[in-house]
Each structure stands twice: as structure tokens, then as C-alpha cells.
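Be aware that the sequence shown starts at 165, since it is given in this note's numbering, and climbs by one per residue. For every residue, glycine included, the Cβ atom is placed at its ideal position computed from N, Cα and C.
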Amino acid sequence: MGLTKIHYGLSAHTHAGTLGVFGMNFVKTGKIDKELGAFFSRMEQLRMKADYNCEYDVSNSDVENMLQPAHDFLNSIIKLIKEKQ
Numbered sequence: 165m166g167l168t169k170i171h172y173g174l175s176a177h178t179h180a181g182t183l184g185v186f187g188m189n190f191v192k193t194g195k196i197d198k199e200l201g202a203f204f205s206r207m208e209q210l211r212m213k214a215d216y217n218c219e220y221d222v223s224n225s226d227v228e229n230m231l232q233p234a235h236d237f238l239n240s241i242i243k244l245i246k247e248k249q
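As C-alpha cells, then:
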């Protein structure tokens, strides 16, 4: 269970469903910055490539470029959780 189920009563049963629920309820409402919503979407695309293409490889440079947005994304989620407590 994550942020959407525990704190907002929202749920999804697939990765794509989670992405959709997140976009509609957090990005479109302005609770999460659009850039971070796009980052979340890109991470889902990378997850799919890694799951279904065993030869897919992410470069060190790509990973380094993901660190700050990942940090920002997590901080935004933590802020939302604290606001709901």
C-alpha cells in the first residue's frame, strides 16, 4: 500500500493504473509538480524496458541524471504524507 491507498483512499491494480491515478489526483491538481509527474512517468517507462527487454542497459550518466529528480520526487511525496497526518 502506498500514498494513494493509505492517505487518499485511492487504489490501482496495475503499474499503468497507478500512474493514471497519480497523474489525475496529484499532478493535475497541482499537489505534485508537473516535472515530477513527468519524471515518474519516465521511471515507469524505464521499468517496463528493464522488465521486458533483458538486454536493456542504463548508463551511469543516465542514473546520475535521475538522482536529483528522484530525491525531489521523494521529498514531495513525504511532504504530502505529512500534510495528511
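Within 7 Å: the Cβ of Tyr220 and any heavy atom of the ligand NAD?
Although the ligand NAD was asked about, the structure shown includes no ligands whatsoever.
If distances are taken between C-alpha atoms only, which option among Leu174, Lys195, Thr182 and Ser175 comes closest to Lys246?
Lys195
If you follow the alpha helix (DSSP H) that Leu183 is in, where does it begin and where does it stop?
His179 to Phe186
Taking C-alpha atoms, which residue in Gly173, Phe190, Gly184 and Ser205 lies nearest to Pro233?
Ser205
Work out the CA separation of Gly184 and Val227 for me, nearest whole Å.
25 Å
DSSP on Asp236, reduced to helix/strand/coil?
helix
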